[in-house]
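First up is the structure itself, then whatever we jot down about it.
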């Protein structure tokens with residue numbers, strides 16, 4: 002029998018527990034393989050150059066790779082699948098398949114789990130990140146995703162809501178205020194493939210800097226990562242990052258920040274001192290293990306990237 006799923010409120014309570022857990026030193030994946038993440042800010046080009054989608058095929062092993070698509074975040078999975086399947090077939094991918102994962106019960110289906118375990122690349126579409134996690138959290142399908150990422154080193158991509166779930170602390174909802182205010186976002190539990198960052202998408206287009214800063218005030222131990230539309234952040238675990246597409250990736254580092262968060266009430270104005278911001282346009286690439294002649298000049302950024310490329314614990 003499939004276990005009854007937790008309610009959204011219980012899910013929120015578990016989010017708090019996950020928050021406490023993530024304050025502890027994480028037990029990072031010890032696998033010798035370097036899994037890859039392609040985190041997309043939404044609205045990726047599907048008509049013209051399709052740079053980001055081509056990159057997913059490349060990172061997954063080429064046109065013969067087994068590409069699996071998780072549509073669970075979408076309220077209209079059939080139409081979303083029709084769009085993506087046509088695009089990827091036009092790009093030459095020959096083994097493209099949707100995962101029959103549209104309910105929490107599906108996440109316990111042995112056929113779904115087996116299908117995920119054969120993947121060379123997994124792509125999570127947009128929609129509602131809380132819906133996606135409500136169906137995946139601590140199920141056999143959830144553990145299968147962790148297994149193929151941590152042990153097989155496959156590429157996992159996500160766009161919009163599929164990007165938000167990459168982190169352990171996931172922004173579930175919250176508007177972007179004109180002025181940075183306390184507690185404008187709420188968190189839920191994400192997949193945890195990225196351990197020490199909060200991911201936000203549609204970043205410049207929806208003016209979400211204030212939202213991400215508010216999230217950072219709640220969790221200054223984490224990085225804030227904002228990804229523009231039609232922009233992808235490629236993370237090679239324990240190694241490197243690369244920015245592709247049309248826009249930029251913004252990294253906020255508040256680990257040495259001083260704030261008035263504890264002294265004010267919700268929705269009051271935040272004072273945030275000493276936040277470091279790094280703006281990385283398309284074409285930016287940094288390898289934390291490679292020598293750089295300008296290492297001292299970019300030391301602050303490299304320090305943040307070393308934190309960003311840490312994988313979350315393997316939940317297998």
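Residue numbers (my numbering): 2 to 317.
C-beta: ideal position from N, C-alpha, C; glycine also.
query: Residue nearest to residue 309 in terms of C-alpha spacing, selected from 154, 227 and 296; result: 227
query: Euclidean distance between Cα positions of residue 114 and residue 141; result: 6 Å
query: Distance between residue 276 and residue 87 (C-alpha atoms, nearest Å); result: 43 Å
query: Stretch-stretch touch, CB-based, cutoff 8 Å, three pairs: the region 271-286 with the region 152-166; result: no
query: Collapsed DSSP secondary structure at residue 28 in the structure displayed; result: Caution is warranted here: a pLDDT of 42 is assigned to residue 28, below 50, making its placement in the model unreliable, and no coordinate value can be reported.
query: For residue 207, the three-state DSSP class (helix, strand or coil); result: coil
query: 8 Å CB neighbourhood of residue 266 in its chain, flanking five on each side removed; result: 183
query: For residue 55, three-class secondary structure by DSSP; result: helix
query: Bounding residues of the beta strand (DSSP E) (the contiguous stretch that carries residue 163); result: Run containing residue 163: none in the beta strand (DSSP E); it sits in the alpha helix (DSSP H), 162-165.
query: Spatial distance of residue 143 from residue 137 (CA atoms); result: 5 Å
query: Buried or exposed by the 16-neighbour rule on C-beta atoms within 10 Å, applied to residue 93; result: exposed
query: 3 or more residues per run - each beta strand (DSSP E) lying fully within the region 214-265; result: 224-228, 232-237, 241-246 and 249-254
query: Straight-line Cα distance separating residue 62 from residue 269; result: 49 Å
query: According to DSSP, residues forming a beta bridge with residue 312; result: 195
query: Cβ shell of residue 23 (< 7 Å), same chain only, five flanking positions each side left out; result: With a pLDDT of only 41 at residue 23, under 50, the local geometry of the prediction cannot be trusted, and no value is derived from it.
query: Distance between beta carbons of residue 258 and residue 274, contact taken as under 8 Å; result: 6 Å
query: N-terminal and C-terminal residue of the beta strand (DSSP E) that residue 100 is part of; result: Here residue 100 belongs to no beta strand (DSSP E), and DSSP marks it neither H nor E.
query: Run of the alpha helix (DSSP H) containing residue 84, from where it starts to where it stops; result: 78-91
query: Residue from 198, 159, 237 and 221 with nearest C-alpha to residue 133; result: 159
query: Sheet register partners of residue 346 (DSSP bridge); result: What the structure shows of the chain is the stretch from 2 to 317, and residue 346 is not part of that stretch, so it cannot be assessed.
query: Simplified DSSP state of residue 302, which is helix, strand or coil; result: helix
query: 6 Å Cβ shell around residue 181 - same chain, five flanking residues per side excluded; result: 211, 214, 215 and 271
query: Own chain residues within Cβ distance below 7 Å of residue 116, not counting five before or after; result: 69 and 100
query: CA nearest to the CA of residue 305, picked from 262, 131, 240 and 89; result: 240
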